[in-house]
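> This is the structure I want to talk about, given as structure tokens.
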Amino acid sequence: MKIATWNINGIKARLETVQTWLGSASPDIACFQEIKSVDEGFPAEIFEEIGYNVAVHGQKGFNGVAILSKLPFDEVIRGLPGDPDDAQSRYIEGVFSVPSGVVRVVDIYLPNGNPTDSEKFPYKLAWMERLKARVKELLSYEEPFVIAGDYNVIPTPEDVYDPAAWISDALFRPETRAQYQKLVNLGLTDAFRACHDEPHQFTFWDYQAGAWQKNHGIRIDHLLLSPQAADRLVSCDIDAEPRGWEKPSDHVPVVMELAV
DNA sequence: ATGTCACCTGCGAGGTGA
Numbered sequence: 018m019k020i021a022t023w024n025i026n027g028i029k030a031r032l033e034t035v036q037t038w039l040g041s042a043s044p045d046i047a048c049f050q051e052i053k054s055v056d057e058g059f060p061a062e063i064f065e066e067i068g069y070n071v072a073v074h075g076q077k078g079f080n081g082v083a084i085l086s087k088l089p090f091d092e093v094i095r096g097l098p099g100d101p102d103d104a105q106s107r108y109i110e111g112v113f114s115v116p117s118g119v120v121r122v123v124d125i126y127l128p129n130g131n132p133t134d135s136e137k138f139p140y141k142l143a144w145m146e147r148l149k150a151r152v153k154e155l156l157s158y159e160e161p162f163v164i165a166g167d168y169n170v171i172p173t174p175e176d177v178y179d180p181a182a183w184i185s186d187a188l189f190r191p192e193t194r195a196q197y198q199k200l201v202n203l204g205l206t207d208a209f210r211a212c213h214d215e216p217h218q219f220t221f222w223d224y225q226a227g228a229w230q231k232n233h234g235i236r237i238d239h240l241l242l243s244p245q246a247a248d249r250l251v252s253c254d255i256d257a258e259p260r261g262w263e264k265p266s267d268h269v270p271v272v273m274e275l276a277v
């Protein structure tokens, strides 16, 4: 089965682009971030007409995540556990039955964290700590799962066109990378890096300063796999093409194939 | 490069977030 992640940067502004991409890529499951819409504003019917089940965790104006799936949802969980006061919609889980058993797909929009001298940076690090706790719990089930999304983390200097330019940014700060590494060290596999070792493979190019034309990108959209999912990994690729389309998102889809 | 884009309020253009 094909599982994709894509920060679409607003469903209202991106509906046509998303429809075009779904038509050609035809993922079995698509995890979207930054839908920037409340649940009722997300055009679920349009996706249902082309064969998808839809689960949304939206928010007015900002953030928001949604999972589209050709398989029916056995279960949906909305919100990252660990802080009942957190009102930001950045987390949704779906559980699916497959021939080999069950697959859980977690869709995250990890906080950006800039500026780093504001409350946003500690919020990011605390959110990552909560994610680690949830992952520990999921690992105890010993089932295949995928955590897909916009991590807002540049894992290594190989994943940015100019490391020096990003060193003080919340996406590349040592604290951020260390916290991400702790998460991976629980026993997760970066699906893209398991399939590709070439540097400078990017998933985001800023709208500003001709970043796309100069290939000034960063790799911040990831699919992390549990051991049981990693055993079933077939391929993982970045689809950079939509970044060159009319009215693009600043992120592009990452697509993996899982043998189920 | 102070560079662009999306969304909100609310009807014009500035504020927020990325």
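Position one of the first sequence corresponds to residue 18 (this note's numbering), numbered consecutively onward.
We put the CB at the ideal spot given by N, CA and C, even for glycine.
Starting from Leu242, trace the alpha helix (DSSP H) in both directions and tell me its first and last residue.
First-last for Leu242: Asp238 to Leu242, but that is the beta strand (DSSP E), not the alpha helix (DSSP H).
> Using the Cβ count rule (16 or more neighbours within 10 Å means buried), how would you classify Gln225?
Looking at its Cβ environment, which holds fewer than 16 other Cβ atoms inside 10 Å, Gln225 is exposed.
> With which residues is Glu263 paired in a DSSP beta bridge?
DSSP output for Glu263 lists no bridge partner at all.
> I'd like the ranges of any beta strand (DSSP E) spanning at least 3 consecutive residues and lying wholly in the stretch 109-171.
Those beta strand (DSSP E) runs which fall completely within the stretch 109-171 and span 3+ residues are 118-126 and 162-167.
> Does the structure place the stretch 208-226 close enough to the stretch 242-255 that three or more beta carbon pairs sit under 8 Å?
Yes: the two stretches touch, three or more of their Cβ pairs being nearer than 8 Å.
> Could you check whether His268 and Asn26 sit closer than 8 Å to each other, using their CB atoms as the reference points?
For Asn26 and His268, yes; Cβs fall inside 8 Å.
> Quick check on the DSSP output: what are the complete beta strand (DSSP E) runs of length 3 or more inside the stretch 72-105, in order along the chain?
You should have 82-86 and 92-95.
> Taking the alpha carbon of Pro172 as the point to measure from, which residue in Thr193, Leu39 and Ala143 has its own alpha carbon closest?
Here the closest residue by C-alpha is Thr193.
> First and last residue of the alpha helix (DSSP H) that includes Cys34?
The amino acid occupying residue 34 in the given sequence is Thr; Cys does not appear at that position. Ile28 to Ala42 is the span of the alpha helix (DSSP H), which, as asked, contains Thr34.
> Please classify Gln196: does DSSP put it in a helix, a strand, or coil?
Gln196 falls in the helix class under three-state DSSP.
> Please work out which residues of its chain come closer than 6 Å, Cβ to Cβ, to Arg95, disregarding the five sequence neighbours upstream and downstream, and give them in chain order.
Once the five neighbours on either side are set aside, the close Cβ partners of Arg95 are His74 and Ile109.
> Answer yes if the stretch 146-154 comes into contact with the stretch 91-106, meaning at least three C-beta pairs across the two stretches below 8 Å, and no otherwise.
In short, these stretches touch, since the Cβ pair count reaches three.
> Looking only at C-alpha atoms, which of Ala42, Tyr178, Ala30 and Glu62 sits nearest to Thr22?
Cα-wise, what sits closest to Thr22 is Ala42.
> Alpha carbons only, please: which of Glu159, Asp167 and Ile235 is nearest the one belonging to Ala182?
Nearest option by C-alpha distance: Ile235.
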